[in-house]
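Notes for the one structure printed next.
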Amino acid sequence: MVRSDRRTGGRRSVVRRDVHVTAADIARLAGVGRAAVSNWRRRHDDFPEPVGGTSTSPAFSLAEIREWLRGHAEGRDLPPDEWLWQDLRTTVDDDDLADLIADLGAFLVYVQHEADDWRGLSAGTDEEVARGLPARVRATCAKTVSAEAFPESVPVTRVPLVRSIARLAVERGVRDTFEFLRERYFEVHTRRVYSTPAEIVTLTLDLVGDGFGSMLDPACGSGRILGRALERSPGARLLGQDVDPVAARLTAVRLALRCDNARIRPGDSLRADAFPGELADAVVCNPPFNDRNWGYEELTADPRWEYGLPPRVEPELAWVQHALAHLAPGGVAVLLMPPAVASRRSGRRIRSQLLRRGALRAVITLPQGAVPNVAVGLTLWILCQPSEGGTPSHVLMVDTSGRPDDYAGVAVAAWREFGAGCELDEPGVSRSVPLVDLLDEDVDLTPARYLSTAADGLSPERIAGARSRLAELFGTVAGLLPSVAAAPPDELALVPLPELVRRGMLVVEQQTPARPGEEPPLGTPVLTVEDVLEDRPATGSSEHAGARPIVTRPGDVVVPQVVTAPVARVLTKGDALLGPYLSLLRPDPEVLDPDFLAGFLCASVNVRHYTSMSSRYRVDVRRAELPLLPMEEQRRYGAAFRRLAGFRSALREAAVLGDDLARLVADGLTHGAVRPHE
């Protein structure tokens with residue numbers, strides 16, 4: 001817990017320092033909602049002034065907030081875990097925070113395995129604990145993490161913090177205590193470690209299948225894939241490596257608190273493979289994309305390049321061969337890849353060898369948006385270790401881009417049918433492609449190139465039916481637009497939304513981390529941003545959501561926090577959990593009409609209050625304003641806003657139907673199902 005100074009090589013101990021906290025942090029420290037913090041700022045003249053941040057997201061001195069809350073707790077029990085987290089932040093610089101959390105995690109590994117020994121040691125003085133703790137923790141971690149997982153010495157001043165962690169572990173459990181610290185760290189350092197989306201992790205493991213005895217993730221990052229793999233196969237041997245030593249340490253501790261058969265090592269898997277010669281039943285990886293500095297010069301003669309030296313501009317093909325080099329006979333590897341890897345001319349020779357030798361078994365296109373913050377639809381490559389029984393005659397090509405709602409189920413079903421020996425040919429979705437069709441000059445492995453079209457459905461009757469539906473829809477659209485009349489010249493007097501909250505007219509909710517006992521039941525659907533944008537029922541999963549459950553009700557108004565244009569939906573169904581990046585407003589229907597509220601939230605009168613981010617808006621509903629009108633008039637406005645929502649929905653449907661009709665007519669003409677009128 002005393003770290004070597006990177007600048008001087010000496011030993012140093014960081015004194016306690018003040019840090020900044022946000023309104024959300026203060027709400028957690030006080031065990032209240034953010035609205036309460038806003039009220040305190042207005043009502044109490046002695047509430048600390050901001051010391052940084054912005055006008056919309058101010059930052060406060062933790063020391064000043066600590067003192068203020070102690071004087072205004074009003075008998076409330078302040079959450080000990082949140083205070084402990086902030087104490088950690090005051091103990092070390094931000095750059096060293098992850099190392100401190102990893103050290104404390106190693107201590108928790110010791111507590112988990114040697115609880116009696118810790119009870120005996122902790123009965124001594126702080127000086128005795130400081131002397132005896134390092135050797136004990138290092139000896140325990142040598143069996144599960146590594147002997148270097150804990151420092152060789154601990155300053156006496158750090159022992160109270162260790163004792164606090166141990167007390168929290170008694171209250172929350174050892175694993176949950178470390179998860180709490182780890183999640184708080186990633187909230188503060190969102191860009192430090194990238195986590196593969198949970199839906200993609202589930203999909204990749206479904207493609208691998210159950211029953212694997214060992215798994216390797218050579219770019220394990222936060223350890224989400226290996227952690228989920230452990231749940232699937234509790235006795236499996238887990239291997240992981242990551243170029244970020246901090247990420248590797250945190251993942252190693254996280255897995256060590258769950259099992260004794262995980263080995264996580266720091267380092268660049270391509271340049272310094274931590275597991276040379278070791279084979280695993282499964283290799284699952286989300287490797288870094290477009291990394292031109294992957295080691296081309298140093299690794300030209302590397303024995304892993306069995307299928308050819310990866311070009312300098314094709315690091316992904318280096319990761320593919322790294323995975324195959326660690327794959328046991330009969331094993332399966334699943335890698336997340338950018339779509340360009342399937343068609344770059346520089347990689348066609350390696351792609352050809354992967355096909356000819358039977359290593360590449362399937363390519364699956366994912367819908368755009370399946371992996372957030374990526375502008376294109378990524379692909380999954382499924383590889384198998386070639387056997388001596390001959391080269392497979394077909395490769396599976398799947399394109400789920402047209403099935404965004406159930407893309408994972410489509411992909412898994414196709415792969416399982418293909419593995420069972422079935423020949424697939426679902427138009428526009430999946431096809432077992434003969435190997436010879438892929439081995440042309442380009443060796444382009446883009447699935448859409450090889451999928452058949454539904455020629456059997458290209459009948460004149462189908463086209464006529466689509467035209468009739470489109471004409472009917474066009475006739476309906478105009479009637480949906482509400483009629484309006486001239487309004488008096490006086491502008492509507494607008495009231496800030498926080499004032500409506502203060503008056504009890506509505507409640508504002510957003511997702512926050514769950515406390516012990518607040519975890520939602522597994523299987524409860526989660527309302528996602530995409531669900532709100534598409535105006536559809538909840539489709540997300542609550543598995544390991546880790547958030548305080550906020551159950552939706554009919555009449556709630558839900559607003560995505562980052563959008564290209566502000567959107568507010570009035571829910572007609574409830575009993576789903578509010579997902580991340582959404583704000584929920586629950587109006588009192590006796591004094592505030594939901595449709596009236598939704599209409600004003602996304603209208604231009606409030607867009608000017610939201611933060612513009614080039615092509616997007618960051619929507620903070622607490623900055624919104626709306627008029628206070630009698631309920632009868634609110635309902636008239638609400639009815640008009642409902643009609644406008646229906647008008648927009650009909651226009652979107654007409655656009656989709658028109659595009660489908662144009663494609664249907666074009667396919668009918670080219671397949672000979674119809675011909676132009678003479």
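With the UniProt record's numbering applied, the sequence shown covers 1 to 678. All residues carry an ideal CB built from backbone N, CA and C; glycine is no exception. Quantities reported herein were computed from a predicted structural model and do not represent experimental measurements.
Residue(s) in a DSSP beta bridge with residue i
i	result
D87	According to DSSP, D87 bridges with nothing at all.
T611	R618
C384	V332
E625	P496
M397	V363, R431
P587	L506
R569	V558
T379	M337, T365
Backbone CA spacing between residue i and residue j [nearest angstrom]
i	j	result
R618	V607	10 Å
V21	L62	6 Å
E441	Q368	28 Å
A408	A139	44 Å
W415	V284	16 Å
W83	R17	15 Å
G465	E472	11 Å
D535	D406	16 Å
V259	A411	Residue identity check: residue 259 is Cys in the sequence provided, not Val. So the alpha carbons of these two residues sit roughly 31 Å apart.
D242	V621	39 Å
A247	R237	19 Å
H326	L257	26 Å
F418	L424	7 Å
L533	V567	7 Å
V501	A318	56 Å
V201	S430	21 Å
R163	G579	35 Å
Residue i (DSSP reduced to helix, strand or coil)
i	result
S13	With a pLDDT of 43 at S13, under the threshold of 50, the predicted position of this residue should be treated as unreliable, and no value is reported.
M505	coil
D281	strand
H113	helix
L664	helix
E426	strand
H20	strand
Q321	helix
G240	strand
S122	helix
I463	helix
V162	helix
P560	strand
L578	strand
L327	strand
P513	strand
V313	coil
V51	coil
A547	strand
V374	coil
residue 682	Residue numbering for the chain in the displayed model covers 1 to 678; residue 682 lies beyond these limits and cannot be assessed.
V253	helix
residue 683	Beyond the ends of the chain as shown, which are 1 and 678, falls residue 683; an answer cannot be given.
G540	strand
V526	strand
Residue i: first and last residue of the uninterrupted beta strand (DSSP E) it sits in
i	result
F178	Taken as a continuous stretch (DSSP letters only), F178 belongs to no beta strand (DSSP E), being part of the alpha helix (DSSP H) at 174 to 188.
V532	First-last for V532: 529 to 534, but that is the alpha helix (DSSP H), not the beta strand (DSSP E).
P594	Counting along the chain, P594 falls outside any beta strand (DSSP E), though it belongs to the alpha helix (DSSP H) covering 594 to 601.
A262	262 to 266
L216	214 to 217
8 Å contact criterion, which residue i and residue j should meet: CB distance rounded
i	j	result
T365	T400	6 Å
residue 683	D281	Lying before the first or after the last residue shown, residue 683 is absent from the chain, which here runs from 1 to 678.
T379	P339	5 Å
L108	I165	7 Å
V529	P560	5 Å
V145	A252	5 Å
T539	P525	7 Å
Where the alpha helix (DSSP H) through residue i begins and ends
i	result
Q353	348 to 356
S38	34 to 43
L205	198 to 208
A59	A59 -> not in any alpha helix (DSSP H); beta strand (DSSP E) instead, spanning 58 to 61.
L230	224 to 232
A73	Counting along the chain, A73 falls outside any alpha helix (DSSP H), and DSSP gives it neither H nor E.
R416	407 to 419
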